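Here's the structure we're looking at; comments come further down.
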Amino acid sequence: MSLLLRVKKVGNDQVIYLDNSATTKPFQEVVDAFSKTSLRFFANPASIHSEALEAEKLLSRARQQLASLLHADEEELVFTSGGTEGNHMAIFGRARAMQHRGKHIITTKLEHPSVQKPIEHLEQEGFEVTWLTPNQRGVVTAEQVKDALRDDTILVSIMHVNNELGSIQPVQEVASLLATHPLAAFHVDHVQGAAKLPLALRQLPIDLLTLSSHKFHGMKGSGVLFVRKGTALSPIQIGGTQEGGRRAGTVSVPGAVALAKAFRLAAERYETEWVHLGTISQQFRDLLASMKGVRVLSPPDAIPTIVNIAVPGLKAEILIHALSRQGIFASTQSACSTRTYAPSRVLLECGHSEIVAGSAIRFSLSCETKQKDLERAATVFQQALHSLQKVMKPS
Amino acid sequence: MNIYDHILIRYGELALKGKNRHHFIQKLKDQIVSKLAPLSGHPTLDIARDRMFVRLNEANHKEVLTVLQSVFGISSMSAAAKAPSEVEKICETALSVFNEQTAGQPTRFKVTVRRPDKTFQPDSQVMNGIVGSYLLQHCANASVDVHTPDIELKVEIRHNATYVFSGDIKGVGGLPVGISGRAMLMLSGGIDSPVAGYLGMRRGLTLEAVHFHSPPYTSERAKQKVISLAQRLSAFGPVRLHIVPFTAIQETIRKEVPGFIAMTVTRRMMLRITRQLAEANDALAIVTGESLGQVASQTLESMHTIDAVCDLPILRPLITTDKIDITKVARQIQTYDISIQPHEDCCTVFLPSAPKTRPKRGPTAFYEAGLQTETLIAEALAGVETMESFDEKSEKEYSDLL
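And the structure:
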């Protein structure tokens, strides 16, 4: 550590941000649209005067744009305050609406805490839950879902892209499987996949889909939940009749506008840069994998925006701090659980040891990540690793 | 790969002859050209003697077909592949179209060759056999069935080229917009009047929509709803919208006319104003969404009393239809969802508790005698706002933000 302490604090120009799965930097155009909308269309869209009408029209344009990009209908989109709210609305809303028909839920041990905790909560209230165990590649299979399905299953909740490993779940297969089980609504936490791996909702029988704006260069505090027409769902946030009575509370018009804009721009960027992103991500993986003591945990077919590695024996936090002194920002597991400093729950569930799970580091890329950034990150990582390995003999 | 390079357009109304026919084709051409203009890929229109062809160029054939399905006057369309008029080329093109249509599935087919170019040899009957046996040779799953075929492959041998196609897509039929002249449409925010307008346009009318707006009794949203309806109708042909300020007239009627007859007097005032607008815009008729017996103003007595103030024909395309039929069309032309938005129009706000359902001409004239009719109408007409297009000013502001 003493060696590292001597390194001068770097200027902003050298910052390499590789924590995009925690949050992304909003696009300049998105911040501009947010600020213009906040000042020009500040009226409450639910009021009846003409300023309100303008705000309402803008909100409806944002909804139209998003609906067409998602291949959904406008009425199927509910603006929320973000991923956690979307997941809560889907899970609690479905449970409340359908508990008289069945009390069985299927989910995975891979889920983000905003899915895991609500379902644990329902379990305590008397719902029966089947928790599917992923394999070491961080994936559950459609067969597992099939085996767990019961006549009283009212909800299957499976994330699209795992936020720690980047492993991609077979949501298409599960969706087709569930198409013949109308009682079992299919909820997909699409937060890490949105704008990167599009799910065409017109063809895919997914019933509930969660998106969060700040994961694709939008603003924090806004998200959207897709609710397929005909999917019974009780409102969780009750009061006013906004969003078709599905979510009370004044809608953030600037948030919705910024979300629609960010989604359009990000989807375009990812589409054009997807192949390139795959190439530079693979190079980065290969560089890391070639270093002594490093194990790549993300499966080979993971989303290119997430590279999870472990240096067994070296506590992840120490490496993260060492990197951040050099202006390189990565993270351990999910930002929503990092503060606990416990080994990653998801990695343990995938069958990794406590030592591996406690030493995992996640580099997460975005469409703004450059090849030279990754090369520099790898070099800095190797140096840091080198000096740390000298000091901290693996126990 | 897309094998289609043309859309073949057929138009019905074969009874049209001589000058009418020329006029029909001219109007239809204008409509199609204006519909194709905004599409990407530069599709162009060619006119043959009894057909039109859209030359797709870079355009997507499905997109073009969708757009053409809202053009009145087209009875049916087919995506077609063009081939040089040579036997071998015709057979090859026929095979591509056949494969595209059947995707290798077992198919019973029939070939129909037409030969507008009678100089082409061999003749149609022989060509039927040549094309049919070529398909049989090249497709394991194909068999001939001239009586109940799964698909009918049509080959038209024309003077400069041959067109091969299969599958007719129905058009909306009717007459090209504008061929029948110009009419005013009394457009409320309800379900019926947009449907009446649509049916009028379908018979070749160009519409000038008229809406009565009574702020503050009716909201901006109610006006916006009518603008959206006019915009929707303009998908079928040009529509202008006249918004008439109606507050002063409604307030006056409220003050001066007994409640039971106020509705009839109001309708008469609307009709007088529309009559004047018709004259100013060279329109020869007025279209309304009334159907017999639906509400108080739609009894025969009521129509008789209201129509007395207007010497133009009043066209009521919905007169004998019921709500279910009207709703069906409204859904089909996508005005229904706009119409059911809950914003009050000027009629519902001033609705008296017990309107007279069978008003008479004489007494109605008596009750309205005290009104300054001429002045009120002149004032209203002076404040008419006319909209040529419905892309609102703020539309660009919205799209810049998104």
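Residue numbers (the working numbering), protein chains in the order written: chain A, 42 to 436; chain B, 646 to 1047. Virtual Cβ for every residue (Gly too), placed ideally from N, Cα, C. All of these numbers come straight from a predicted model, not from anything done at the bench.
Run of the beta strand (DSSP E) containing residue i, from where it starts to where it stops
i       : result
M888/B  : Checking the sequence shown, residue 888/B turns out to be Ile, not Met. Counting along the chain, the beta strand (DSSP E) containing I888/B begins and ends at 884–890.
I347/A  : 347–351
A226/A  : 226–230
E1030/B : 1030–1032
R753/B  : 752–759
T420/A  : From DSSP, T420/A is part of no beta strand (DSSP E) but of the alpha helix (DSSP H) over 412–432.
S62/A   : Premise fails: S62/A is in no beta strand (DSSP E) and is neither H nor E.
I670/B  : Premise fails: I670/B lies in the alpha helix (DSSP H), 663–681, not in any beta strand (DSSP E).
Endpoints, the alpha helix (DSSP H) within which residue i is located
i       : result
A1023/B : 1018–1027
S741/B  : 732–747
H362/A  : 357–366
D633/B  : With chain B covering 646 to 1047 only, the question about residue 633/B has no answer from this structure.
T972/B  : 968–977
V316/A  : 294–330
I983/B  : 981–984
T194/A  : Here T194/A belongs to no alpha helix (DSSP H); instead the beta strand (DSSP E) covers 194–200.
I775/B  : 769–783
I872/B  : 865–878
CB-CB length for residue i against residue j, believed under 8 angstroms
i       : j      : result
L99/A   : T78/A  : 7 angstroms
H949/B  : R913/B : That belief does not hold up - the Cβ atoms of H949/B and R913/B are roughly 12 angstroms apart, past 8 angstroms.
K727/B  : H651/B : 6 angstroms
S1076/B : G816/B : Since the first residue of chain B shown is 646 and the last is 1047, residue 1076/B is not available in this structure.
N349/A  : L338/A : 4 angstroms
G812/B  : L830/B : With 8 angstroms as the limit, G812/B and L830/B do not qualify as a contact, their Cβ atoms being about 36 angstroms apart.
G774/B  : V789/B : So it is not a contact: roughly 10 angstroms between Cβ atoms.
G1054/B : P821/B : Given a span of 646 to 1047 for chain B in the structure shown, any question on residue 1054/B remains unanswerable.
N702/B  : H687/B : 5 angstroms
R877/B  : P839/B : 7 angstroms
Y862/B  : T892/B : 7 angstroms
I39/A   : H141/A : Outside the displayed span of chain A (42 to 436) sits residue 39/A, for which this structure offers no information.
A371/A  : I361/A : 6 angstroms
P958/B  : A930/B : 5 angstroms
I146/A  : F168/A : 6 angstroms
K270/A  : D114/A : 7 angstroms
Contact check, residue i vs residue j, beta carbons under 7 angstroms
i      : j       : result
T194/A : A226/A  : no
P341/A : S322/A  : no
S385/A : A398/A  : yes
A189/A : T174/A  : no
K204/A : S400/A  : According to the sequence displayed, residue 204/A carries Asn and not Lys. No, the pair does not count as a contact, with Cβ atoms beyond the cut-off.
R899/B : V954/B  : no
G124/A : G264/A  : yes
F995/B : M915/B  : no
D248/A : V156/A  : no
T944/B : R1003/B : yes
L713/B : E901/B  : no
R803/B : D837/B  : no
V71/A  : G207/A  : no
Cross-strand partners of residue i (DSSP beta bridge)
i       : result
G264/A  : T121/A, S253/A
R848/B  : L820/B
G1053/B : The requested residue 1053/B is not part of the displayed model; chain B covers only 646 to 1047.
Y808/B  : K727/B, E801/B
H651/B  : R700/B, A725/B
F857/B  : V889/B
E169/A  : H145/A
L690/B  : V699/B
V910/B  : The partner list for V910/B (beta bridge, DSSP) is empty, contrary to what the question assumes.
S79/A   : Note: S79/A sits in no beta bridge, so no partner.
R336/A  : A351/A
A136/A  : DSSP output for A136/A lists no bridge partner at all.
E71/A   : Looking at the sequence itself, residue 71/A is Val, so the reference to Glu does not match. Per DSSP, none; premise fails for V71/A.
V40/A   : A question about residue 40/A goes unanswered here, because the residues of chain A that appear run from 42 up to 436.
S372/A  : R403/A
M831/B  : V855/B
The region 861–883 of chain B: positions lying closer than 8 angstroms to chain A by Cβ: Residues of the region 861–883 of chain B whose Cβ lies closer than 8 angstroms to any Cβ of chain A, in chain order: S864, E865, R866, Q869.
Against chain A: residues of the region 884–913 of chain B by CB proximity under 9 angstroms: Per Cβ criterion, the list is empty.
Interface residues of the region 273–303 of chain A facing chain B [CB-CB below 7 angstroms]: Listed by position along the chain: V298, A301, K302.
Interfacial residues, the region 322–341 of chain A to chain B, with Cβ spacing under 7 angstroms: Residues passing the 7 angstroms Cβ filter: none.
Interface positions of the region 118–146 of chain A facing chain B (Cβ-Cβ less than 9 angstroms), listed along the chain: Answer set for the region 118–146 of chain A: empty.
Interfacial residues, the region 203–218 of chain A to chain B, with Cβ spacing under 7 angstroms: Listed in chain order, the positions of the region 203–218 of chain A with a beta carbon within less than 7 angstroms of a beta carbon of chain B would be empty, since no residue qualifies.
Residues, ordered as in the chain, of the region 59–90 of chain A that lie near chain B by beta-carbon distance below 7 angstroms: For the region 59–90 of chain A, which is checked against every Cβ of chain B, the residues closer than 7 angstroms are A74, K77, T78, I89.
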